[in-house]
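Numbering-wise (the working numbering), the sequence shown opens with residue 68 and increments by one.
Report on the following structure.
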Amino acid sequence: MPVRVLSEGAGPGAQVPAHLTRIPISLITTSTDCSNKTVKGKVVQKCPLVSLASDNVILKTVIQEDSPPNSSSLNPSINVILFGELAKDFNQTVNQGDVVAASGFTVGKSPTVHKDKLHPCNLLLSGDNAYIYVSRATKAPKYTYVRLGDLKPGTVVNVYGVVVFFKQPFKSRGTGQSGTRPRDG
68 MPVRVLSEGA
78 GPGAQVPAHL
88 TRIPISLITT
98 STDCSNKTVK
108 GKVVQKCPLV
118 SLASDNVILK
128 TVIQEDSPPN
138 SSSLNPSINV
148 ILFGELAKDF
158 NQTVNQGDVV
168 AASGFTVGKS
178 PTVHKDKLHP
188 CNLLLSGDNA
198 YIYVSRATKA
208 PKYTYVRLGD
218 LKPGTVVNVY
228 GVVVFFKQPF
238 KSRGTGQSGT
248 RPRDG
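Right, dumping it as structure tokens:
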């Protein structure tokens, strides 16, 4: 399977092979030696799968470098064109927001560089030597904050707050009502 989902931690699951070295998107040119190199980035756009012929498909995606080594980099995003079985697997496995590492690619000139204002090159992936390694985007739980005064009766909520004053309860003589006393001041 040309698309491999990376496991969390250092377990026995799929990992990016150690012999591959990462190359920043900003350093890619048509003369770049791509052997044993990977390009890593977050999927910021995933286009639909397109059939070219009865058994041939193509898919375009755009990846953006997660942490560009040089913040002045003008083109931290690049078009990635996938062909054949790799395109089908990518379409089924990868979601927008996932972080991917591509290996076994070739570099071609981008015909859309003036239109999309992305990197002047495309990464082209096809064949048995092309792989995509996927790290799933962690999904943070969505919280909605509502003021206490806006809550409706019967609504179940988790309440979080900050304690601004707390005084330890103390024993007293008399009724059980005087376990706490009003705040001084």
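Each residue gets a CB set at the ideal place from its N, CA and C atoms; glycine is no exception.
What you are looking at is a predicted structure, and each value in this text was computed from that prediction instead of being measured.
Pro143 is the residue among Val117, Pro143, Leu126 and Lys109 whose C-alpha sits nearest the C-alpha of Cys188. A distance below 8 Å between beta-carbons, with the five flanking residues on each side excluded, links Glu152 to the following residues of its chain, in chain order: Pro69. Non-local C-beta neighbours of Ala168 in its own chain, meaning closer than 6 Å and more than five positions away in sequence, comprise Val83, Thr105, Lys107 and Tyr200, ordered along the chain. Around Lys113, the same chain offers Thr128 and Gln163 as residues with beta carbons nearer than 6 Å, after the five sequence neighbours per side are excluded. For Ala169, the enclosing beta strand (DSSP E) begins and ends at Val166 to Ser170.
Counted as a single uninterrupted DSSP element, the alpha helix (DSSP H) harbouring Lys182 occupies residues Val180 to Asp183. Counting only residues of its own chain and dropping the five nearest sequence neighbours on each side, Thr173 has a CB closer than 7 Å to the CB of Cys101 and Leu191.
If you draw a straight line from the Cα of Ile130 to the Cα of Ser177, it comes to about 14 Å. Setting aside the 5 residues that flank it on each side, Asp133 is surrounded in the same chain by Lys107, Gly108, Lys109 and Val166, each with a C-beta closer than 8 Å to its C-beta; the list follows chain order.
The alpha-carbon separation between Leu87 and Tyr198 amounts to approximately 12 Å. Around the CB of Gly175, fewer than 16 other CB atoms lie within 10 Å, so the residue is classed as exposed. Here Lys176 carries a strand assignment [DSSP, helix/strand/coil]. With fewer than 16 other Cβ atoms inside 10 Å of its own Cβ, Val213 counts as exposed. Leu149 sits close to Leu126, with the two beta carbons spaced by under 8 Å.
In the three-state scheme derived from DSSP, where H, G and I count as helix and E and B as strand, Phe150 is classed as strand.
DSSP, read as helix, strand or coil, puts Lys155 in helix.
By DSSP's assignment, Thr128 forms a beta bridge with Lys113 and Val147.
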